[in-house]
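First the structure, in the form of structure tokens, and then the observations on it.
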Amino acid sequence: SESSRTIGLSKICHKRTLGNPFFLKSFVQMLQQENLLEFNLGLLEWKWDDKKIEEVTAVTANVVEMIQERVQKMPNKVRQLLDIAACLGNSFDEKIFPSSWNHFMTKIL
Numbered sequence: 080s081e082s083s084r085t086i087g088l089s090k091i092c093h094k095r096t097l098g099n100p101f102f103l104k105s106f107v108q109m110l111q112q113e114n115l116l117e118f119n120l121g122l123l124e125w126k127w128d129d130k131k132i133e134e135v136t137a138v139t140a141n142v143v144e145m146i147q148e149r150v151q152k153m154p155n156k157v158r159q160l161l162d163i164a165a166c167l168g169n170s171f172d173e174k175i176f177p178s179s180w181n182h183f184m185t186k187i188l
């Protein structure tokens, strides 16, 4: 059945994210980016290999570590921007920055 087919994937997702919805979303996005989870348009269904996902993600105990690894791969200037943005909380509006924000962004990105 369809539900029994997803049990393995759901267990891996829960183990890596501890059920946190934000981490789950990031984890699933990473699976898609790494082509470990793909939507087959011809069959109109998702395709994945539980064993391969388990192997590839076993190095990362959880999504926090995975996100840290992704951030470490970003250019220094992007990480500097994230450091500044982190001081503002979990969301911010670029309008709170001075008018030099656009100039700052073009230099960083």
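Under our numbering, the first residue of the sequence shown carries the number 80, and numbering increases by one thereafter.
Quick reminder that beta carbons are idealized off the backbone N, C-alpha and C, glycines included.
- Look at residue 155 here: in three-state DSSP terms it is helix.
- Shown here, residue 116 sits in a strand according to DSSP, grouped into three states.
- Contact between residue 116 and residue 125 holds: their C-beta atoms lie close to 6 Å from each other, under 8 Å.
- Straight through space, the alpha carbons of residue 92 and residue 137 are spaced by roughly 11 Å.
- By the Cβ-count criterion, residue 95 is buried, with 16 or more other Cβ atoms from all chains shown falling within 10 Å of its own Cβ.
- Residue 110 counts as buried, since at least 16 other C-beta atoms from the protein chains shown sit within 10 angstroms of its C-beta.
- Cβ neighbours of residue 127 within its own chain (closer than 8 Å, five residues either side excluded): 88, 110, 115, 116 and 117.
- With 16 or more other Cβ atoms from the protein chains shown falling within 10 Å of its own Cβ, residue 132 counts as buried.
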